[in-house]
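Read through the structure below, which is laid out as structure tokens, and then see the notes.
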Amino acid sequence: MNSQIYDVAIIGAGCCGASIARKLSTYEISVVLLEKCVDVGFGVTKANSGIIHAGFHHPITSLKARLEIRGNLMFDQLHYELGFPFKRVGIIVVAFSIEEMKTIEHLYSQGVANGVPRMEICGRERILSLEPQLNSDVVGGLYAPTGGIIEPYRYVFALVESAQKNGVEVKTQFTVEQGIREKDYWIIKSKEGEIIKARYVVNSAGLFADEVSKSFDAELFEIIPRKGEEFLLQRNAKGLPNHVIFPVPGAHTKGILVIPTVEGTLMVGPTAIETDDKYDLETTSQNLETVFMQATYMVPAISRREIITSFAGLRPTMKGNDFYIEPSKKQPHFIQVAGIQSPGLTASPAIGDYVKDILKQEGLQLIEKKDFDPFLPHPIKVRELSFEELE
957 MNSQIYDVAI IGAGCCGASI ARKLSTYEIS VVLLEKCVDV GFGVTKANSG IIHAGFHHPI
1017 TSLKARLEIR GNLMFDQLHY ELGFPFKRVG IIVVAFSIEE MKTIEHLYSQ GVANGVPRME
1077 ICGRERILSL EPQLNSDVVG GLYAPTGGII EPYRYVFALV ESAQKNGVEV KTQFTVEQGI
1137 REKDYWIIKS KEGEIIKARY VVNSAGLFAD EVSKSFDAEL FEIIPRKGEE FLLQRNAKGL
1197 PNHVIFPVPG AHTKGILVIP TVEGTLMVGP TAIETDDKYD LETTSQNLET VFMQATYMVP
1257 AISRREIITS FAGLRPTMKG NDFYIEPSKK QPHFIQVAGI QSPGLTASPA IGDYVKDILK
1317 QEGLQLIEKK DFDPFLPHPI KVRELSFEEL E
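Using my numbering, the first residue of the sequence shown is number 957, and each one after it goes up by one.
Laid out in structure tokens, this is it:
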């Protein structure tokens, strides 16, 4: 058994756990990041659509909105430091009726209240000039130029690599079985037989945050998996838009999206179907047909012939529909980071800051490292090199 007592153990190495680990690596503390999969980013993050939201979908009274806005503003600096693919391509929400334009006006007002810059309510001519691939029946829409796209898995890999470079330890294939409070620290037992000790524990276990919380005798809550099925189309597909295209949102979902990726491919989806199975990643022809029909209604040039594959992912939702990030009221030095569904990827850098502040309020002493190195070598994109550079 490892006799070291870490200052902080983070459970779950998705975009939130990785962001928390990277933020804590800037301080003179010992941190271990625990992940049950064979590698980081293999849970919820792996099937994420990769959108950096602008910040107009949620009211400012929600934690989602506050962290989404802060997170969005942090990506330019993170991209500069870590080199993961990131582009601010902008977001367009399309309306096909006067009634839908009323929702556009609401989203615009909400975005202004949230502090989203440079948004624009567009009429038909303006929206088609911005995005010629749209259905010509469009009435108008909302344009938010600060929205963007990233590769979620490369983002997580970069965060974790940076955290490791600055002293964070990473343990994969560590499936938390139980947490036991012993004096002033936690004993964390894994199903694989390992034991970790830590003074503070952060529960960012995604779909399994409810089970981890229960295993530490902390709060009882339910994570409800919401499945999203999507298509991936080939590079430079017909109908590839310049922006991320949203429909007018429904009551519980942002709808079926058309998403250009940083690699030049095209994603369409996802659905939003609640399930009771945290391992249900199957796709169905019926749901994928819904995806295709709704996507092609917005962007008619999308072709079935250019589909490469289909896949599904799960989002960890909770009743109340907001993020649950706060210290446990039942257990000392145990921080809950749960219910992180959309816009969790966008909010993740701000979640790192937010959790750092909670840990400080809970008594963790934080002294900044003088030798913290924020930079990683940027990857070389071979296909973008000239013949001379390749030689």
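For each residue, glycine too, the CB sits at the ideal point set by N, CA and C.
In this text, all values refer to a predicted model and were calculated from it rather than measured experimentally.
Given this structure, state the Cα-to-Cα distance separating residue i from residue j, to the nearest angstrom.
| i | j | result |
| --- | --- | --- |
| Y983 | E1282 | 21 Å |
| K1316 | F1328 | 19 Å |
| M1075 | P1108 | 25 Å |
| A1154 | R978 | 17 Å |
| G1135 | D1173 | 8 Å |
| G1006 | A1114 | 15 Å |
| F1248 | P1203 | 14 Å |
| I1263 | L1244 | 12 Å |
| Y1064 | P1333 | 39 Å |
| P1330 | N1091 | 44 Å |
| V996 | I961 | 23 Å |
| K1285 | A1306 | 23 Å |
| L990 | H1009 | 28 Å |
| I1144 | T1059 | 48 Å |
| P1272 | V1168 | 14 Å |
| I1229 | M1030 | 31 Å |
| C1078 | I1048 | 10 Å |
| L1098 | I1016 | 19 Å |
| E1318 | L1086 | 48 Å |
Suppose the cutoff is 7 Å on Cβ atoms and the five residues either side in sequence are ignored; what does the same chain contact list for residue i look like?
| i | result |
| --- | --- |
| G1011 | A1021, E1024, I1025, N1028, G1067, N1070 and V1072 |
| T1131 | K992, S1146, K1147 and E1148 |
| D1032 | none |
| F1040 | I1106, E1107, R1110, Y1111 and A1114 |
| F1052 | D1093, V1094 and V1095 |
| M1057 | A1051, V1095 and G1096 |
| S1018 | D1278 |
| P1335 | G1039 |
Is it buried or exposed, residue i, if we count other Cβ atoms within 10 angstroms and call 16 or more buried?
| i | result |
| --- | --- |
| K1325 | exposed |
| Y1036 | exposed |
| K1210 | buried |
| E1061 | exposed |
| D963 | buried |
| E1138 | exposed |
| P1205 | exposed |
| G1308 | buried |
| G1300 | buried |
| S1241 | exposed |
| S981 | buried |
By Cβ distance below 8 Å, which residues in the same chain neighbour residue i in space, the five residues on each side in sequence not counted?
| i | result |
| --- | --- |
| A1257 | Q1089, K1194 and G1195 |
| L1270 | V1000, A1003, L1163, P1181, R1182, K1183, G1184, T1231, K1234, D1236 and L1237 |
| E1178 | D1166, M1274 and K1275 |
| I1054 | V1095 |
| V1045 | G1103, G1104, I1105, N1198, H1199, V1200 and P1216 |
| K1170 | L1176 |
| L1084 | L1090, S1092 and V1094 |
| I1314 | I1281, E1282, P1283 and I1291 |
Looking only at C-alpha atoms, which of the options sits nearest to residue i?
| i | options | result |
| --- | --- | --- |
| D1140 | D1313, P1299, Y1310 and Q1287 | Q1287 |
| D1093 | A1100, E1081, G1104 and Y1099 | E1081 |
| A1207 | I1008, R978 and H1013 | H1013 |
| K1312 | Q960, A1100 and A965 | A965 |
| Q1297 | T1265, I1106, C972 and K1058 | C972 |
| I1152 | C1078, W1142 and A1161 | W1142 |
| M1223 | L1188, D1309 and V1255 | L1188 |
| S1266 | Y1253, T1246 and V1255 | T1246 |
| S1304 | S959, Q960 and S975 | S975 |
| V994 | S981, I1008, G1319 and Q1129 | Q1129 |
| I1254 | G1225, S1241, P1272 and R1261 | It should be pointed out that residue 1254 corresponds to Met in this sequence rather than to Ile. Ranking G1225, S1241, P1272 and R1261 by Cα distance to M1254 puts G1225 first. |
| F998 | G970, V1157 and L1034 | G970 |
| E1150 | L1098, K1127 and V1157 | K1127 |
| S986 | L1034, V1116 and Y1156 | Y1156 |
| E1302 | S959, V1158 and F1042 | Rather than Glu, the amino acid found at residue 1302 in this sequence is Thr. It is F1042 whose Cα lies nearest to the Cα of T1302. |
| Y1310 | V1158, V1218 and E1087 | V1158 |
| L1034 | V1116, E1133 and S959 | V1116 |
Sorted by chain position, which residues of the same chain lie with C-beta nearer than 6 Å to residue i's C-beta, five sequence neighbours on each side aside?
| i | result |
| --- | --- |
| A1268 | K1183, E1185, L1237 and T1239 |
| R1191 | G1220 and T1221 |
| E1125 | V988 |
| G968 | S1160, A1161 and G1162 |
| L1322 | Y983 and K1316 |
| P1101 | G1046 and R1074 |
| A1251 | I1212, V1214, V1224 and I1258 |
Is the closest heavy atom of the ligand HEM to the C-beta of residue i under 6 Å?
| i | result |
| --- | --- |
| V1293 | This structure lacks the ligand HEM; in fact it carries no ligand of any kind. |
*asked:* For the structure I just gave you, are there three or more beta carbon pairs, one from the region 1114-1128 and one from the region 1064-1075, closer than 8 Å?
replied: no
*Counting Cβ pairs, one atom from each stretch, are 3 or more of them under 8 Å apart for the region 1265-1280 and the region 1293-1300?*
yes
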